[in-house]
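Below you'll find the structure, written out as structure tokens, and then a few comments.
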């Protein structure tokens with residue numbers, strides 16, 4: 175990888191770049207990085223059948239839905255960033271974010287004049303209409319080569335035959351044990367007589383296998399109407415939820431223009447647009463950092479620059495929401511003059527108190543999702559971040575469906591004057607409304623130039639943009655791919671005004687130096703995130719993949 179001199183960031187909202195991204199080259203081999211070994215194997219199996227990266231994305235997504243019920247599933251949604259190989263790469267973005275039921279309104283979780291946060295976290299009322307099944311069908315029908323049944327076959331087999339409980343499953347289930355016990359069906363499927371299951375035991379999900387079979391056989395109608403839809407609606411409404419058959423029948427994915435900014439050396443940053451705020455935050459942060467000497471700085475100074483960029487980028491999230499409901503000021507937020515103004519406001523030696531920036535409202539967001547990246551031998555690629563919000567979502571499973579539902583309604587600003595468990599700020603732009611998609615931090619990201627292609631993404635809720643940024647900086651700093659997902663992490667999101675960091679990120683001397691600059695620091699008790707990355711060097715035909723050592727995921731590169 176060559177060193178990149180970031181002197182100017184020239185943002186441009188381009189749907190398809192006509193610049194100098196020649197795609198005549200092909201990698202000649204495939205690569206996959208996913209958060210679970212069974213999902214990586216499912217992708218490899220699908221590619222071996224003659225499928226392309228988009229077929230593999232279907233297989234990986236469905237396998238993750240079975241093997242990682244704490245992270246994603248048919249009852250959730252996500253974002254897919256696509257690269258279609260050709261004379262020039264063609265970038266697409268599939269928005270499969272969940273939608274609020276049509277009976278939802280701004281007072282949905284208000285009781286006696288006060289918002290009750292638990293109503294948007296646990297149980298049937300917390301669930302938005304899932305988008306993942308529609309995305310799988312769309313990927314297979316519009317971009318794939320294989321029948322949907324072939325791409326879903328590995329997941330169906332996993333659901334029927336079982337997948338082993340691992341340390342991550344048991345950890346996440348421990349966090350949500352009380353909520354899972356409250357729903358008899360969730361407890362029956364995912365617990366062992368109300369307790370954590372034994373490690374290395376098998377999680378078998380025959381009802382989910384049948385639901386996947388109906389999806390494989392009937393496509394979108396196999397989930398959003400017919401038997402599956404009736405099971406879902408009956409279960410939700412019997413438990414106090416507000417879904418209708420019409421909510422499911424009317425769900426549609428949306429293809430949107432990805433965020434696309436051009437760097438001065440010809441590299442292109444392609445990332446998630448609203449209803450993700452993450453792509454804009456990453457682009458803004460890079461736009462500020464390229465005006466600062468971050469590469470030459472010592473670790474404390476580099477941290478200072480990164481934190482101040484993140485502080486300002488997260489502050490601007492409050493302006494964003496579902497593009498089908500509001501006009502997002504994307505062009506203005508990425509304008510070079512505006513980014514220059516933000517950069518000029520950074521004191522090179524002192525922290526900027528967040529209280530000195532204009533206040534904003536509230537945004538809810540959960541803290542666990544999943545991510546994978548896949549590249550096929552022709553150069554097609556997918557980076558996908560999928561979620562059901564909190565671990566095990568709403569901890570609610572409609573009887574007979576096997577579908578664990580999301581609690582993504584908590585990602586809306588149910589109380590724009592209040593605060594949530596994560597302290598992430600937002601505004602009325604993200605208020606609850608019928609049919610609306612909540613704002614998200616999920617940020618699948620590509621960086622491409624005539625000589626290179628790289629893919630990034632991670633789970634982690636509000637920390638996703640900062641994690642992707644730190645990984646991208648490793649790439650730009652010519653670090654080996656193994657460093658991209660493993661780099662020590664720190665995070666700042668405007669409010670609360672504190673640097674959160676993993677236990678071993680900073681030395682005592684570095685902590686003292688940052689405190690002397692005016693920062694408050696909070697050491698977390700555990701590591702976080704689960705980054706999955708790919709790299710293709712078009713010059714020497716090198717293909718690499720890496721999976722975050724914090725998780726149980728695996729990466730694989732095929733032979734030529």
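Residue numbers (the working numbering): 175 to 734. For each residue, glycine too, the CB sits at the ideal point set by N, CA and C.
Spatial distance of residue 557 from residue 649 (CA atoms): 17 angstroms
Beta-carbon separation (whole angstroms), residue 566 vs residue 364, contact threshold 8 angstroms: 7 angstroms
Residue 543 - containing beta strand (DSSP E), residue span: 543-549
Extent of the continuous beta strand (DSSP E) to which residue 752 belongs: Since the displayed the chain opens at 175 and closes at 734, residue 752 lies outside it and no answer follows.
Local Cβ density within 10 Å of residue 424, reported as buried at 16 or more and exposed below that: exposed
Sheet register partners of residue 728 (DSSP bridge): 208
8 angstroms CB neighbourhood of residue 531 in its chain, flanking five on each side removed: 485, 486, 489 and 668
Segment contact, 8 angstroms Cβ cut-off, at least three pairs: the segment 239-254 with the segment 299-309: yes
Per-residue DSSP class, three states only, for residue 242: coil
Given 8 angstroms, three or more beta-carbon pairs between the segment 214-224 and the segment 336-344: no
Beta-carbon gap between residue 614 and residue 449 smaller than 7 angstroms: yes
Where residue 733 falls, given that 16 or more other Cβ within 10 Å makes a residue buried: exposed
Cβ-Cβ separation, residue 255 to residue 444 (assumed contact under 8 angstroms), whole Å: 7 angstroms
Every unbroken alpha helix (DSSP H) inside the segment 448-531 [4 residues or more]: 452-463, 473-489, 504-507 and 510-518
Cβ-based burial, residue 666 [other Cβ within 10 Å; buried from 16]: buried
Element boundaries [beta strand (DSSP E), containing residue 433]: 433-437
Option nearest residue 201 by Cα separation, candidates 316, 550 and 636: 550
Pair within 7 angstroms by beta-carbon distance, residue 606 and residue 370: no
Three-state secondary structure (DSSP) of residue 571: coil
Sequence-distant residues of its chain with Cβ nearer than 6 angstroms to residue 390 (five each side left out): 322, 323 and 326
Residue closest to residue 359, alpha-carbon to alpha-carbon, out of 697, 452, 574 and 545: 574
Cβ-Cβ distance between residue 730 and residue 659 below 7 angstroms: no
DSSP state of residue 418 mapped onto helix, strand, coil: coil
Assumed close pair residue 547, residue 309 - CB separation to whole angstroms, cut-off 8 angstroms: Going by Cβ atoms, the distance from residue 547 to residue 309 rounds to 16 angstroms, so no, they are not a contact pair.
Whole-angstrom distance between residue 508 and residue 654, CA atom to CA atom: 29 angstroms
Identity of the residues DSSP links to residue 626 by a beta bridge: 711
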